[in-house]
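In the working numbering, the protein residues as written are 515 to 850.
Ideal placement from N, C-alpha and C gives every residue a C-beta, glycine not left out.
Since the structure is predicted, the reported quantities are computational estimates derived from the model, not experimental observations.
Okay, so here's the structure we're looking at.
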Amino acid sequence: MTALLSVYILTLNSERRLAQVLDSVQTLADEIVVVDSGSSDRTHEISHAFGARVLVRSFDNFCNQRVFAEESCAHPWVLALDSDEVLSPALQETLRRHKAAGFQIGNRLPDGYSIRRDWFFLGKQVRTFYPVKAPDYTIKLFQRSKMGHRGSRIIHESIQCEGVMIFNIHDPIFHYSCDSIDELYGKMDLYTRLAAADMNANGVRSSWLKVNLYPWLLWARWFLVNGAWKDGEAGRILCKYARDTVYLKYLKLKHDFSTPADSMIDQRCCSLGTEAGRLEAVNALWERLDEPKGTSSPPGLDGKRGGGALPPSPQWDVDRDKAALEGKRHMGGTGR
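Written as structure tokens, this is what we have:
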């Protein structure tokens, strides 16, 4: 019996590869849901051209964006993609066969499938892309009633899959993560900001060694041990990116949470293991960063590396977002 499949795609100004992504799933999907964070390019136009249903949700963190997308899907099986993840022709054929069999393998019905993902940077397949050693396997296809992202981290989020049956698919997704240096470093401020908030919410503390020594040790491990040196210039660039990312997240953790106001943040985030607790951690961080600090200002979220004024603090209402996570939809807004 053929299973019904929803495909959701997270987007923000994703016109560069979105048509390629949508084309790779169009013949497989019974429904395509695009969850957009406020694009100003042709993302909506391209999505509608492929028959996708476009929902706009203001971005707070990656975990909640995925929970919203999953709860917006209509069918029991979900394929979760980013706007730079393209199904290979071999994977399309494999999924087509599995779908025709109701995603059953023999007489066993798994709860989800972990799919190989090949990573590309500047058009070249690479062996490492911090924090991933490539290729990796990640749960992309799953039964919505059995598993999902609820309770995951707010960054580098993953499916919560305790006590479920997972099968592997070895035909790959092609992950075209970055096509330029500007795009690579443009993501760094948001990622390190969320990483610092997540570490603080989970009781991690920074130190002189973590800021000044650990980034170089990590560079050595990724370049020499994990084999990034085999990728030539692309590998050298990505190892520098890994070093800079770790340096910045521990630097932000140290300085953005280094005053007596930390106790206030920790009290507000007493429910650290929940989405609401993590939201409060990030919300408190924004309030801290909005406080005047002489003539300097922290890095902005404008896609530029460092510098710039901080944009207005998003108005995150924890009760509202908790309600949204329970199935009450809150649409609208911009900014991922």
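Exposure label - Arg-707; buried when at least 16 CB within 10 Å: buried
Rounded separation between His-663 and Glu-676 - CA only: 12 angstroms
Nearest neighbour of Tyr-699, chosen from Asp-650, Tyr-755 and Tyr-690 [CA to CA]: Tyr-755
DSSP three-state assignment for Thr-706, whether helix, strand or coil: helix
Extent of the continuous alpha helix (DSSP H) to which Ala-604 belongs: 603 to 614
Where Asp-770 sits in the DSSP three-state scheme: DSSP places Asp-770 in helix when its eight states are reduced to three.
Unbroken beta strand (DSSP E) run spanning Gln-618, endpoints: Taken as a continuous stretch (DSSP letters only), Gln-618 belongs to no beta strand (DSSP E), as it is neither H nor E.
Leu-655, buried or exposed, once every other Cβ within 10 Å from all chains shown has been counted against 16: buried
Residue-level contact to chain C via CB, Tyr-699, 8 angstroms cutoff: You won't find chain C in this structure, because it holds only one protein chain.
The alpha helix (DSSP H) enclosing Glu-697, as first and last residue numbers: 695 to 700
Range of the contiguous beta strand (DSSP E) that encloses Ala-563: Not the beta strand (DSSP E): Ala-563 falls in the alpha helix (DSSP H), residues 557 to 563.
CA nearest to the CA of Met-515, picked from Val-548, Ala-709 and Arg-611: Arg-611
Span of the beta strand (DSSP E), counted from its first residue to its last, around Leu-569: 567 to 570
Closest Cα partner of Val-547 within the set Asp-596, Val-646 and Asp-574: Asp-596
For Arg-728, three-class secondary structure by DSSP: For the record, residue 728 in the displayed sequence is Tyr; it is not Arg. Tyr-728: helix per DSSP, three-state reduction.
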